[in-house]
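These notes concern the structure reproduced below.
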Amino acid sequence: MESDWAYLAGLIDGEGSIYYKQQKQKRNNRPGKPVHNVWVIRLEIAMTAKDTVKWCHDTFNCGAFNERKVKEGMKRQWRWRVSHRECLTICLGVWPHIKNKLHKVEQVIDHYEPYAKNLGDNVVDFKLEKEMRRNGKQ
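The numbers in this note's numbering rise by one with no breaks, and the one at position 1 of the sequence shown is -11.
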């Protein structure tokens, strides 16, 4: 499974995107149409190699797999997308292997893992994470 995480990290570095942003969202169905600050946390891989994208969905058993809309005349693209807690799960798995998008992965992890913010260097203590998982504490 470790080699699967490493391969996925390479796909994310090369073909993926991680979106981590707080934005305002209007609630049209509420009286006065209030505006709320919401977090959009999403990781996706989109490419023309359907088998590779489907492998991500099947191997990690999370997220959504579908065809991505493209402009007329372009090749068909396939997308695997995870968001929120599923995004955290993927980020924790690829964290030891990721290179180019390390900062975004750490932002997602820090968002969900309060103890990680106390490390001072904005990096997850991977040994502590493994130990906590082994002991059933999350």
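C-beta: ideal position from N, C-alpha, C; glycine also.
For residue i, which residues in the same chain have their Cβ closer than 7 Å to its Cβ, ignoring the five residues on either side in sequence?
i	result
Gln11	Val26, Val28
Ser71	Ile29, Arg30
Gln126	Any reading at Gln126 must be qualified, since the residue scores a pLDDT of 49, below 50, and its modelled position is unreliable; no value is offered.
Between residue i and residue j, what straight-line distance do the alpha-carbon atoms span, to the nearest angstrom?
i	j	result
His91	Glu60	34 Å
Arg56	Met35	9 Å
Phe53	Ser(-9)	22 Å
Gly20	Gly(-2)	46 Å
His45	Trp68	6 Å
Glu74	Trp83	14 Å
Tyr100	Lys63	37 Å
Asp98	Asn16	31 Å
Ile183	Lys89	For residue 183 there is no data in the structure shown, the boundaries of the chain being -11 and 126.
Asn110	His24	Note that Asn110 has pLDDT 47, beneath the 50 cutoff, so the model's placement of it is unreliable and the number below is only indicative. Going by the C-alpha atoms only, they are around 27 Å apart.
Asp1	Leu80	15 Å
Gly108	His85	Because Gly108 carries a pLDDT of 49, less than 50, the predicted location of this residue cannot be relied on, and no value is offered for it.
Gly51	Leu76	12 Å
Glu94	Arg18	35 Å
Excluding the 5 residues flanking residue i on each side, which residues of the same chain have their C-beta closer than 6 Å to its C-beta?
i	result
Lys127	Limits of the chain in this structure are -11 at one end and 126 at the other, which puts residue 127 out of reach.
Val58	Gln65
Arg(-4)	Just to set this straight, residue -4 is Leu in the shown sequence, not Arg. So the list reads Val82, once near-sequence residues are dropped.
I'd like the list of long-range same chain contacts for residue i, defined as Cβ closer than 8 Å, with 5 residues on each side in sequence excluded.
i	result
Glu3	Ile33, Ala34, Met35
| Runs of beta strand (DSSP E) lying entirely within the region 21 to 108, each at least 3 residues, in chain order | 23 to 35, 52 to 56, 65 to 71
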